[in-house]
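Everything on this sheet refers to the single structure shown next.
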Amino acid sequence: SIGAGKQALDLGRRQALAGEPRLLFLDEPLAYLLGWYHADGWNDPQGIGIALPDDDAVALKAQTLILRLFGVHSAMSKVSGERCRKIKVNSVWVKQFLGENGLLKRHAPEITVPERILRSPKRVQMAFIAGFFEGRRPFEGDSSVFVNLEYAFLPFGLV
Numbered sequence: 379s380i381g382a383g384k385q386a387l388d389l390g391r392r393q394a395l396a397g398e399p400r401l402l403f404l405d406e407p408l409a410y411l412l413g414w415y416h417a418d419g420w421n422d423p424q425g426i427g428i429a430l431p432d433d434d435a436v437a438l439k440a441q442t443l444i445l446r447l448f449g450v451h452s453a454m455s456k457v458s459g460e461r462c463r464k465i466k467v468n469s470v471w472v473k474q475f476l477g478e479n480g481l482l483k484r485h486a487p488e489i490t491v492p493e494r495i496l497r498s499p500k501r502v503q504m505a506f507i508a509g510f511f512e513g514r515r516p517f518e519g520d521s522s523v524f525v526n527l528e529y530a531f532l533p534f535g536l537v
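Taking the working numbering, the leading residue of the sequence shown gets 379, the next gets one more, and so forth.
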């Protein structure tokens, strides 16, 4: 539930202020958001960003999840000529939190499923996969390499 994950993240935020950002609980809503982030997200000095499909429901869902999970507001933008919306989380704490827990996205062209997701219960893995494929925008010339995505499908017999 979002409530249990939020409590764990609140504790993680307090630990971050003390210099120890640690994840105590990885649930489906966080895994779903991480799926989006790993599908088409980025890191920058101020935090993280995610490119999402140009859809009102997806945009609202993303902003709601970010606020509920991390307690921070995000900024949404639409770039003229692109078929996506970009959501920006200007929080060094969120970026540090993801990094400390092995959930920070690596730079493209290698797209990997974080080890923490692969070791999670099936429901958390499925939430990550659902977010990943909802957030993945196929585009011409995409040369990204899915390094270990097949491992996420193994528990479900989908390889």
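We treat Cβ as the ideally placed atom computed from N, Cα and C, and that holds for glycine. A quick note: this is a predicted structure, and the numbers were derived from the prediction, not measured.
Inter-residue Cα distance where the pair is residue i and residue j
i       : j       : result
Val-502 : Gly-477 : 19 Å
Ile-489 : Ala-417 : 7 Å
Phe-506 : Arg-446 : 17 Å
Residue i (DSSP reduced to helix, strand or coil)
i       : result
Gly-480 : coil
Gly-427 : strand
Arg-463 : strand
Val-525 : At Val-525, the pLDDT of 49 sits below 50, so the modelled position is not reliable; the number obtained from the coordinates is stated separately. It is coil, neither helix nor strand.
Asp-422 : strand
8 Å Cβ cutoff met for residue i and residue j
i       : j       : result
Val-472 : Phe-511 : no
Gly-425 : Ser-469 : yes
Leu-411 : Ser-498 : no
8 Å contact criterion, which residue i and residue j should meet: CB distance rounded
i       : j       : result
Lys-466 : Gly-427 : 5 Å
Lys-464 : Asn-421 : Not really, about 14 Å apart at Cβ, beyond 8 Å.
Ala-437 : Leu-443 : Actually they are not in contact, since the Cβ atoms of Ala-437 and Leu-443 sit about 11 Å apart, beyond 8 Å.
Arg-494 : Gly-480 : 5 Å
Gln-441 : Met-454 : 6 Å
Cys-462 : Asp-434 : Actually they do not touch by this definition, with Cβ atoms about 13 Å apart.
Any non-hydrogen atom of the ligand ZN closer than 7 Å to residue i Cβ
i       : result
Pro-407 : With respect to small molecules bound, the structure shown includes none, and the ligand ZN cannot be examined in it.
Burial state of residue i, where buried means 16 or more other Cβ atoms lie within 10 Å
i       : result
Leu-491 : Here residue 491 turns out to be Val, not Leu, going by the sequence shown. Per the 10 Å Cβ criterion, buried.
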